[in-house]
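Quick notes on the structure that follows.
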């Protein structure tokens, strides 16, 4: 069991990824695109390290089934542990230390958070693992080549000159490890070390001036590594897992011995080994990104894509602490699809917590495309898919949304173009078959529940201006300024006037709403808004068929508010005093909630 303990321990990260990160891994697969075409391969190879990106993008597809993708990742880590043992001759007593690079690779995946939407490196969840396999394999080959005839020196030359276009930084790092191993493997072989150093410096410069003109000269030595940069600002802390990863490999090379004495570890060294492994476990636990809002956003995005509205509502209902606006926006969308928006929109947790990231995260970059489509704002969904595809790379998610946008706009040739691309990827066969049928037979769209609902939400005036990257604010203005007699659309217009807190606009739309639903009960929150805004418009609400509970609640709120004013309480004190009784009402939202539109 001791012999196989490092491999058995790898079952733990597999279980953790499958249990806690299913939605994260699935979203990583949706944010990825791999095409079985020569053109896609050539696009990957326009920068050094392109082969790693190509392979990483291929393997990332398997996160369509999170357990399958996580299993592949852990199998590669098991292979890495085996190669580390073989290449650096780790003694069996210290074999568990091969898990240190694996822990660094695990942290580099699980500490990303919202970087998932902004990293530009294709297949980044697999690239570092594949790169380490390349580094260790080349180191093993170097040590097993005979020293005569300059074979080892020749391997260094090929590793840098041919490996740099394929593996980027990892080829350079492999050459540096060979320089160290030339010293540790019996006598200082200065030609190997000098060759490695000269090539590591010169080859990237040669390729920069002859082949890779589009690569920034600042990054020519770091290609195939993710660049953590937003709006011109770099975030060094996210590079720490990579620094410790390469430092651990370098340390193994420095400690390499051709012959190791087979003697048991002394007690102090045994305790040192246990302490190091304990520290590694603590680091994984501490740096694992565990933000509840982020994971609920990913879960709700998946539920909305699968039309599982009830699951989306349940996910948002159990949020820990203050939710982000993205959660609130997706919950309201789900409630609207379930026909419960007017009765429940203020019953669930409401907040405007900023996303847990050191940089500004805008909803248009995360949920914006999906929400725009579901609200029928098709042109803006298409526009953001196009812009973000150019900026951050194309993905399965973007192409799927562009197919739906094209179908809703009657642009069937465009839809067919995107479907032909998705057909060249894996795991999308059934989806492509369904929408290809709709593309060839547009009359069948009337039988598709999702597309028909979205069609009801489309404004008749087909336009595209600028939303200033403010998703929620734009949607409020988009609906509040519209006129419609379609019940689904008009309800969103009514809600938008409530969110805009515009009494005159609301009262006009409330009249339209009651006309369209003359035989139905007015939902609770719409009654609350009418009780609050009716008097502002000089309307007599006393004879309206409102629920007695709503009327008494409105009167109690007015009395409580007057008492707070008589006591000269500040706005913050008044907000706190009224929260317990009235936080699930529109009155409280109208007076005390201020939204951050980002």
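Numbering (my numbering), first residue to last: 1085 to 1682. Glycine included, C-beta positions come from ideal geometry on N, C-alpha and C.
{"query": "Close beta carbons around residue 1097, own chain, < 7 Å, minus the five adjacent residues each side", "result": "1158 and 1190"}
{"query": "Backbone CA spacing between residue 1205 and residue 1133 [nearest angstrom]", "result": "10 Å"}
{"query": "Contact test: residue 1134 Cβ vs the ligand HEM heavy atom, cutoff 8 Å", "result": "Ligands displayed in this structure: none; no statement on the ligand HEM is therefore possible."}
{"query": "C-beta contact flag for residue 1149 and residue 1265 at 9 Å", "result": "no"}
{"query": "DSSP-derived helix/strand/coil call for residue 1317", "result": "strand"}
{"query": "Whole runs of the beta strand (DSSP E) within the region 1189-1247, excluding any shorter than 3 residues", "result": "none"}
{"query": "Helix, strand or coil at residue 1411 [DSSP, three-state]", "result": "helix"}
{"query": "Inter-residue Cα distance where the pair is residue 1391 and residue 1237", "result": "59 Å"}
{"query": "Inter-residue spacing [alpha-carbon to alpha-carbon] between residue 1350 and residue 1357", "result": "11 Å"}
{"query": "Distance CB(residue 1559)-CB(residue 1459) smaller than 9 Å", "result": "yes"}
{"query": "Under 9 Å between C-beta atoms of residue 1582 and residue 1670", "result": "yes"}
{"query": "Alpha-carbon to alpha-carbon, residue 1501 and residue 1494", "result": "14 Å"}
{"query": "Endpoints, the alpha helix (DSSP H) within which residue 1602 is located", "result": "Taken as a continuous stretch (DSSP letters only), residue 1602 belongs to no alpha helix (DSSP H), as it is neither H nor E."}
{"query": "CA-to-CA distance, residue 1431 to residue 1481, given in whole angstroms", "result": "31 Å"}
{"query": "8 Å contact criterion, which residue 1326 and residue 1442 should meet: CB distance rounded", "result": "Residue 1326 to residue 1442, Cβ: 17 Å. No contact."}
{"query": "Selected residue, minimal CA-CA separation from residue 1477, among 1117, 1448, 1373 and 1603", "result": "1117"}
{"query": "Under 9 Å between C-beta atoms of residue 1114 and residue 1479", "result": "yes"}
{"query": "Rounded straight-line distance, which links the Cα of residue 1623 to that of residue 1393", "result": "36 Å"}
{"query": "Classification of residue 1662 by the beta-carbon crowding that lies within 10 angstroms, buried from 16 upward", "result": "buried"}
{"query": "Simplified DSSP assignment, three categories, for residue 1308", "result": "coil"}
{"query": "Touch test, the region 1289-1297 against the region 1165-1180, Cβ-Cβ under 8 Å, three pairs minimum", "result": "no"}
{"query": "Integer Cβ distance of residue 1389 from residue 1454, believed to fall under 8 Å", "result": "7 Å"}
{"query": "Whether residue 1197 touches residue 1449 by CB criterion (9 Å)", "result": "no"}
{"query": "Under the three-state DSSP convention, the category residue 1117 falls into", "result": "coil"}
{"query": "Distance CB(residue 1247)-CB(residue 1263) smaller than 9 Å", "result": "no"}
{"query": "Cα-Cα separation, residue 1648 to residue 1658", "result": "6 Å"}
{"query": "When 1156, 1142 and 1220 are compared against residue 1185, the one with the closest alpha-carbon", "result": "1220"}
{"query": "Cβ neighbours of residue 1687 in the same chain (closer than 6 Å, five flanking residues each side left out)", "result": "Outside the modelled stretch of the chain, which goes from 1085 to 1682, sits residue 1687, for which no answer is possible."}
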